[in-house]
Ligand code: SF4
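Structure representation (structure tokens):
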């Protein structure tokens with residue numbers, strides 16, 4: 225029977241960077257159904273999260289009133305509020321009192337210790353407008369560049385390499401271009417789990433005859449569709465990729481003309497990869513030399529080849545080097561700037577691309593303009609009417625360390641959950657507890673909010689209007705289907721309220737007004753007005769004119785670098801920071817599950833999704849389980865140098881011998897209590913994908 229809805233609202237999915245366009249059906253004040261729309265990114269498709277993961281919005285756990293921490297409530301990194309009545313820790317407050325307390329605490333620290341004592345984490349789940357306002361608040365209101373968000377834990381190293389190599393952190397071609405490619409490389413990514421609708425295009429392309437090369441230390445579903453499946457040893461990406469570069473150069477499969485016209489650094493690369501023959505690297509990376517040679521030839525000789533990568537590449541202490549190798553592959557073969565070719569780091573969060581573009585990062589104003597460039601800074605100083613911090617700010621993990629050092633004393637965190645997402649969680653939670661003033665703005669009392677002095681109840685994605693930029697550079701509009709519950713308010717209004725109460729002369733009246741100001745400082749959004757996004761629903765940037773579709777492919781005529789050329793930076797093979805030893809003989813790697821999104825704040829409160837994956841797990845190969853005398857389904861203790869976590873042991877043939885895989889979404893089995901906070905020196909991203917561990921029965 226056809227169900228009658230009160231209304232159906234056109235919006236976009238709140239979960240991953242694919243950015244599927246959705247129709248959200250509402251009845252009796254509740255979302256009752258979500259369907260895919262015929263948008264460019266999804267052509268009516270949705271995955272299980274987009275289709276069934278919406279009921280978190282109506283959860284009884286939603287924050288509906290502002291909260292202020294009770295004077296006698298304990299504040300400690302060990303506090304666990306799950307199962308505890310939050311009103312024993314917090315008391316309800318009026319908006320006036322909560323906002324005064326929130327802004328007053330930040331202002332008092334600013335007046336006493338200066339802007340360097342403050343920091344802010346914005347959100348890759350929020351809209352572009354929220355991201356723009358948040359970074360402006362920190363830069364203009366706090367007077368510091370200490371502003372960051374979860375891109376630091378995601379593709380920061382990819383962006384560092386892309387900015388260096390091709391002058392832009394954005395993808396060069398949409399994922400849909402896989403359909404035009406002859407050869408598709410997917411490396412360090414599990415798209416069927418983390419970008420499921422994008423994965424449908426990769427599978428379809430393979431079915432139609434494209435060569436699909438899947439490279440990952442864990443086996444995965446996509447390998448069933450692959451022409452080449454390379455299950456390589458974790459942490460050896462550079463060895464394997466340099467071997468491919470070695471073959472392409474040795475066998476003269478590179479595009480000499482393209483290199484001469486567009487690329488610098490080829491000779492240094494030739495020199496560097498001389499020692500990386502497939503025969504020498506086979507033992508290092510665990511892939512036979514002939515397979516490496518075949519993949520190199522397949523990629524280089526195809527008319528159109530495209531590379532997709534994920535956090536398996538980026539979340540390493542050598543993540544930037546890993547991405548440099550991928551960029552070198554594309555540059556020496558000329559597989560960039562044409563349909564069906566290019567470089568595409570698959571973005572994680574629904575708006576991690578847009579939040580980064582909008583300047584929610586410590587080293588750049590909007591559109592990746594350096595805060596340390598005096599001319600650029602001067603333009604913003606004129607625009608915003610005051611002097612700005614001339615030094616790049618601290619990144620996510622550096623901010624946590626700076627709290628421990630007593631340098632940072634107050635924070636404003638909007639829609640991020642570092643108490644679950646940061647590496648070495650105990651260290652991170654102790655830092656949050658140490659803050660003299662912490663304001664958390666969110667829709668749930670997250671593990672981060674447990675540490676707050678003031679909690680501001682905000683709006684869920686389905687309750688707000690705003691734009692979001694997906695992994696393809698598509699700026700898309702999200703529309704409200706519901707009102708926020710109780711007294712919860714719009715995120716953008718709350719950021720403005722904090723700004724005003726800290727003395728900023730802000731008079732924004734609407735989301736569209738914020739968008740228009742943001743677009744006025746971002747060349748990437750030229751010709752993409754608010755009205756256009758409202759009208760067209762989705763516009764890819766850059767666009768050459770208001771009445772012309774945006775450019776799906778960039779770098780067709782050189783690169784936005786100082787000399788217009790792509791730059792190769794050869795990479796050395798470096799070991800992970802912490803390698804297995806006698807005490808910790810296994811490799812722990814972390815990631816996501818199809819059903820749960822990041823720290824689980826939303827999906828663990830979504831009935832269907834949590835019913836499918838209800839408990840914290842650690843996965844190992846059945847052979848490894850048997851070898852260690854363990855049994856599938858039993859409770860185990862996984863231990864690293866940072867701590868111990870209990871989880872249920874799952875047998876999983878996709879996990880290689882010698883490895884443990886843990887998702888980081890389970891509060892009761894928090895994988896990030898175990899992870900290594902050591903950073904990549906360029907992207908400042910921690911090594912989530914590799915640390916030494918041991919396991920035993922609990
Ligand atoms: Fe949402 Fe991503 Fe699934 Fe699309 S693929 S429905 S954007 S989670």
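In full-length UniProt numbering, the protein residues as written are 225 to 922. By construction, the Cβ of each residue, glycine as well, lies at the ideal position given by its N, Cα and C atoms. All values reported here derive from a predicted model rather than from experimental measurement.
C-alpha distance - residue i paired with residue j, whole-angstrom precision
| i | j | result |
| --- | --- | --- |
| residue 876 | residue 866 | 25 Å |
| residue 792 | residue 478 | 14 Å |
| residue 239 | residue 378 | 15 Å |
| residue 281 | residue 313 | 24 Å |
| residue 428 | residue 434 | 9 Å |
| residue 901 | residue 646 | 8 Å |
| residue 773 | residue 764 | 7 Å |
| residue 352 | residue 529 | 32 Å |
| residue 619 | residue 678 | 23 Å |
| residue 523 | residue 660 | 54 Å |
| residue 229 | residue 249 | 6 Å |
| residue 723 | residue 716 | 11 Å |
| residue 934 | residue 317 | This structure cannot speak to residue 934, because the chain is shown only from 225 to 922. |
| residue 804 | residue 917 | 7 Å |
| residue 502 | residue 390 | 27 Å |
| residue 635 | residue 452 | 47 Å |
| residue 271 | residue 445 | 15 Å |
| residue 405 | residue 554 | 13 Å |
| residue 654 | residue 648 | 10 Å |
Candidates the options: closest to residue i by CA position
| i | options | result |
| --- | --- | --- |
| residue 236 | 812, 892, 773, 702 | 702 |
| residue 394 | 757, 789, 766, 798 | 766 |
| residue 425 | 354, 242, 685 | 242 |
| residue 910 | 541, 256, 355 | 541 |
| residue 308 | 669, 813, 903, 676 | 669 |
| residue 915 | 384, 895, 406 | 895 |
| residue 363 | 712, 812, 617, 768 | 617 |
| residue 253 | 857, 890, 704, 750 | 704 |
| residue 455 | 485, 510, 846, 676 | 510 |
| residue 641 | 612, 466, 613, 674 | 674 |
| residue 709 | 742, 732, 666 | 666 |
| residue 489 | 423, 638, 551 | 551 |
| residue 464 | 557, 787, 546, 289 | 546 |
| residue 912 | 922, 897, 920 | 897 |
| residue 469 | 663, 840, 482, 499 | 499 |
| residue 321 | 292, 332, 304, 635 | 292 |
| residue 497 | 466, 284, 600 | 466 |
Beta-ladder partner(s) of residue i, from DSSP
| i | result |
| --- | --- |
| residue 915 | 812 |
| residue 901 | Answer by DSSP bridge pairing: none, since residue 901 is not bridged. |
| residue 568 | 532 |
| residue 588 | 585, 594 |
| residue 863 | 868, 918 |
| residue 842 | 873 |
| residue 343 | 635 |
| residue 316 | 291 |
| residue 702 | 690 |
As assigned by DSSP and simplified to three states, the class of residue i
| i | result |
| --- | --- |
| residue 522 | helix |
| residue 533 | strand |
| residue 594 | strand |
| residue 868 | strand |
| residue 939 | Given that the chain is displayed from residue 225 to residue 922, the structure contains no residue 939 and the question cannot be resolved. |
| residue 225 | Low confidence applies to residue 225: its pLDDT is 47, below 50, so where it sits in the model is not reliable enough to give any reading. |
| residue 538 | helix |
| residue 404 | helix |
| residue 249 | strand |
| residue 757 | helix |
| residue 455 | coil |
| residue 681 | strand |
| residue 415 | helix |
| residue 240 | strand |
Classification of residue i by the beta-carbon crowding that lies within 10 angstroms, buried from 16 upward
| i | result |
| --- | --- |
| residue 796 | exposed |
| residue 628 | exposed |
| residue 225 | In this prediction, residue 225 has a pLDDT of 47, which is less than 50 and means its spatial position is unreliable; nothing more can be read from the coordinates. |
| residue 430 | buried |
| residue 810 | buried |
| residue 638 | buried |
| residue 839 | exposed |
| residue 577 | buried |
| residue 380 | buried |
Below-7 Å beta-carbon distance, residue i vs any chain C residue
| i | result |
| --- | --- |
| residue 378 | The structure shown has no chain C; it contains just one protein chain. |
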